[in-house]
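The structure appears right after this line, and notes come after that.
Residue numbers (UniProt numbering): 1 to 531.
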């Protein structure tokens, strides 16, 4: 009699949850995905409900060539930087292409995930239904569900409208209003830009400097310049000379900004905080709108001084109708039994650091695996890597699938605890200098770990070992394309997994196509310059 496959519950069906369902099904688990909304895709599905979502005007910041799943390219007709509606279409197509819609339960609210040690299983409590039981659980509820709102003196005295960006859906509702958007981030830039042409006045309140990068330069997506060779170079510095790595990383980002925009000192965006503390803003229109005066950059809000009056840190007072907080989110682990909440026993040094900003720091191995039950409880959405969440979630869940299947292994628990302690020491040290996202990690180390666990063998084929030399000798064209071409998500599926993750037969063709398109774009630019 065949052994029944282990049952896995995936809680949350944004992009991370969806790719988790697909990758665990692929290795033989019996997977069920739960989503409280009536749709998949998480924040990529526009909704007017008070839920985190894109706007109809949202355009992806990372190009489609870098922001795809590892074995499913966007349609050819989709522009490199496509609107959010096209992303949602792509997500729906992904589910249908891999035929796992019947594994998804939409409109189902999970109330609690509990551990039943006696039964060696997990209990999923569902609103209006009987509990269900699983061998393993992946928490994919994401980090964008609990708004983070800074404290402002006398905020209770403000009688205008106050909302978090999660509730901002229709800019036309702010016609004739004087609006302060708080937070110079991707969301802040998009929100302020969306208000232009509707609001009477738009201010963008900053608490720090930031680098602003356009999506394209000379018609070519900026992220196409990130090659495997560049990543290897940066990884060496990150590992051996972290201070120098930070200097180089900042310099590269600043050069990209300066090649595209002329920054004015009165905007207060320069000098920018280190990119290790404040991620660059990717926007084509923020700087032009600042130049035109449609958006005015102002300092941080100090306090509320009247029913509709605020005072800034420089003493300026403004009459405003609305304040919109574009200040991010906190991860929420409240669905979990408190006994397995990964934030319950985190280092106290985190709360003491100025850069923690009251956000929880989960104690997880590789920011993924529970240290209480690593063989049956994993978390998604806690890995910050400077690329799209689509391929990173794909690679991460490939690693989870192979580890739980037994094809790859985790270290002994003592070693995992020591590694987590070391990671927490590093992030707390960084947080003592300034703001840090709890998902921060040394991305080169994490990618190498995930690549090995998943069985993608990218690092082996592009490294100095025998497989690297063999690829260089036998297939020089592919080697050069992988090292010096666009680092596409499909690289994670191009090599034989040797019994681990599934190879995609179309990976090489997809990689060649992206690089051929880039070469053609460069040729067109060269011809224009010589004409």
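All residues carry an ideal CB built from backbone N, CA and C; glycine is no exception. The model shown is predicted, which means the values in this text are computed figures rather than measured ones.
| request: Rounded to whole angstroms, what's the CA-CA distance from residue 13 to residue 98? Just pull it up for me. | output: Position 13 of the chain shown, counting from 1, holds the residue named residue 13. Position 98 of the chain shown, counting from 1, holds the residue named residue 98. Cα to Cα, residue 13 sits roughly 15 Å from residue 98.
| task | Quick one: using the 10 Å Cβ neighbour count with 16 as the cut-off for buried, is residue 530 buried or exposed? | result | Translated into positions along the chain shown, residue 530 becomes position 530. Classification for residue 530: exposed.
| field | Nearest neighbour of residue 363, chosen from 319, 440, 59, 169 [CA to CA] | value | As a position in the chain shown, residue 363 is number 363, starting the count at 1. Measuring from the Cα of residue 363, the nearest candidate turns out to be 440.
| Of all the beta strand (DSSP E) runs that stay within the bounds of the stretch 197–281, which reach a length of 3 or more residues? | 201–205
| field | Bridge partners - residue 126, DSSP secondary structure assignment | value | Reading the chain shown from its first residue, position 126 is the one you call residue 126. DSSP lists 110 as partners of residue 126.
| query | When we look at the beta-carbon of residue 316 and count the other beta-carbons within 10 Å, is it buried (16 or more) or exposed? | reply | For the purposes of this step, residue 316 is identified with residue 316 of the chain shown, where counting begins at 1. So residue 316 ends up on the exposed side.
| query | Can you give the Cα-Cα distance for residue 436 and residue 278, rounded to whole angstroms? | reply | Along the chain shown, read from residue 1 onward, the residue named residue 436 stands at position 436. Along the chain shown, read from residue 1 onward, the residue named residue 278 stands at position 278. Going from the Cα of residue 436 to the Cα of residue 278 covers about 8 Å.
| query | Going by other Cβ atoms of all chains shown within 10 Å of its Cβ, with 16 needed for buried, is residue 288 buried or exposed? | reply | Indexing the chain shown from 1 puts residue 288 at position 288. When all chains shown are included, residue 288 counts as exposed.
| field | Cβ distance (whole Å) where residue 174 is taken to contact residue 199 below 8 Å | value | On the chain shown, residue 174 is found 174 positions in, with the first residue counted as 1. On the chain shown, residue 199 is found 199 positions in, with the first residue counted as 1. Indeed they touch by this definition, with Cβ atoms about 5 Å apart.
| query | Taking just the CA atoms, how far does residue 172 sit from residue 331? | reply | Counting from 1 along the chain shown, the entry for residue 331 is found at position 331. Counting from 1 along the chain shown, the entry for residue 172 is found at position 172. Roughly 30 Å between the two C-alpha positions.
| field | In DSSP terms, what residue 164 is bridged to | value | Walking along the chain shown from the start, residue 164 turns up at place 164. Paired residues: 325.
| query | What number of angstroms, rounded off, separates the C-alpha of residue 165 from the C-alpha of residue 42? | reply | As a working note, residue 165 is residue 165 in the chain shown. As a working note, residue 42 is residue 42 in the chain shown. For residue 165 and residue 42, the distance between alpha carbons rounds to 16 Å.
| query | By the 10 Å Cβ neighbour count, where 16 or more other Cβ atoms means buried, how is residue 394 classified, buried or exposed? | reply | Counted from its first residue, the chain shown places residue 394 at position 394. So residue 394 counts as buried.
| With 16 as the cutoff for other CB atoms within 10 Å, does residue 560 come out buried or exposed? | The question about residue 560 has no answer here: the residues shown for the chain are numbered 1 through 531.
| query | For the ligand ADP, any of its heavy atoms closer than 6 Å to the Cβ of residue 226? | reply | In the structure shown, the ligand ADP is absent, as is every other ligand, since no ligand is present at all.
| task | Express the C-alpha separation of residue 50 and residue 239 in angstroms, rounding to a whole number. | result | Mapped onto the chain shown, residue 239 falls at position 239. Mapped onto the chain shown, residue 50 falls at position 50. Rounded to the nearest angstrom, the two C-alpha atoms are 42 Å apart.
| Segment limits, beta strand (DSSP E) that includes residue 318 | Stepping through the chain shown from its first residue, residue 318 is reached at position 318. From DSSP, the beta strand (DSSP E) with residue 318 extends over 317–319.
| query | Closest by CA to residue 207, which one among 85, 271, 374, 426? | reply | Position 207 of the chain shown, counting from 1, holds the residue named residue 207. Answer by Cα proximity: 271.
| For residue 482, does the count of other Cβ atoms within 10 angstroms reach 16, so buried, or fall short, so exposed? | As a first step, residue 482 is located in the chain shown; it is residue number 482 there, counting from the start. Residue 482 comes out buried.
| Element boundaries [alpha helix (DSSP H), containing residue 390] | For this step, residue 390 is matched to residue 390 along the chain shown. From DSSP, the alpha helix (DSSP H) with residue 390 extends over 389–405.
| request: Could you tell me whether the stretch 377–396 touches the stretch 134–149, where touching means 3 or more Cβ pairs closer than 8 Å? | output: yes
| query | How many Å lie between residue 532 and residue 385 at the Cα? | reply | One cannot answer for residue 532 here, as it falls past the ends of the chain, which runs 1 to 531.
| request: Determine the burial state of residue 115: buried for a count of at least 16 other Cβ atoms within 10 Å of its Cβ, exposed for fewer. | output: Residue 115 sits at position 115 when you count from the first residue of the chain shown. By the neighbour-count rule (16 or more Cβ atoms within 10 Å), residue 115 is buried.
| said: Can you find the residues in the same chain that come closer than 8 Å, C-beta to C-beta, to residue 1, ignoring five residues on each side of it along the sequence? | reply: Taking the chain shown and counting its residues from 1, one reaches residue 1 at position 1. Bear in mind that a pLDDT of 46 at residue 1, under 50, signals an unreliable position, so the number given afterwards is only what the model happens to contain. Hits under 8 Å: none found.
| query | So residue 343 and residue 149 are in contact, right, with Cβ under 8 Å, and what is the actual spacing, rounded? | reply | For the purposes of this step, residue 343 is taken as residue 343 along the chain shown, with counting starting at 1. For the purposes of this step, residue 149 is taken as residue 149 along the chain shown, with counting starting at 1. At roughly 19 Å, the Cβ-Cβ gap does not stay under 8 Å, so residue 343 and residue 149 are not in contact.
| query | residue 308 and residue 61 look like a contact to me (Cβ under 8 Å); what is the Cβ gap, rounded to whole Å? | reply | Mapped onto the chain shown, residue 308 falls at position 308. Mapped onto the chain shown, residue 61 falls at position 61. Not confirmed; about 34 Å, so no contact.
| Given residue 339 as reference, the closest of 522, 113, 366, 290 once Cα atoms are compared | The residue labelled residue 339 in the question sits at position 339 within the chain shown. Ranking the options by Cα distance to residue 339, first place goes to 113.
| query | Can you tell me where the beta strand (DSSP E) with residue 136 in it begins and where it stops? | reply | On the chain shown, position 136 is the one that residue 136 refers to. Run containing residue 136: 136–139, per the beta strand (DSSP E) assignment.
| Based on Cα-Cα distance, which residue from 300, 45, 228 lies nearest to residue 488? | Position 488 of the chain shown, counted from the start, is the residue given in the question as residue 488. Looking at the Cα atoms, 228 is the closest of the given residues.
| request: Determine contact between the stretch 505–517 and the stretch 60–74, defined as no fewer than three beta-carbon pairs at a distance below 8 Å. | output: yes
| Does the beta-carbon distance from residue 321 to residue 177 come in below 7 Å? | Taking the first residue of the chain shown as 1, we reach residue 321 at position 321. Taking the first residue of the chain shown as 1, we reach residue 177 at position 177. Cβ distance < 7 Å, so residue 321 and residue 177 count as in contact.
| field | Range of the contiguous alpha helix (DSSP H) that encloses residue 15 | value | For this step, residue 15 is matched to residue 15 along the chain shown. That run of the alpha helix (DSSP H) goes 15–26.
| said: Quick check on residue 4: buried or exposed, where buried means 16 or more other Cβ atoms within 10 Å of its Cβ? | reply: Within the chain shown, numbered from 1, the residue matching residue 4 stands at position 4. So residue 4 ends up on the exposed side.
| query | Going along the chain, which residues of its own chain have a beta-carbon closer than 7 Å to the beta-carbon of residue 521, five neighbours each way excluded? | reply | By 1-based counting over the chain shown, the position of residue 521 is 521. Excluding positions up to five away in sequence, the list reads 219, 220.
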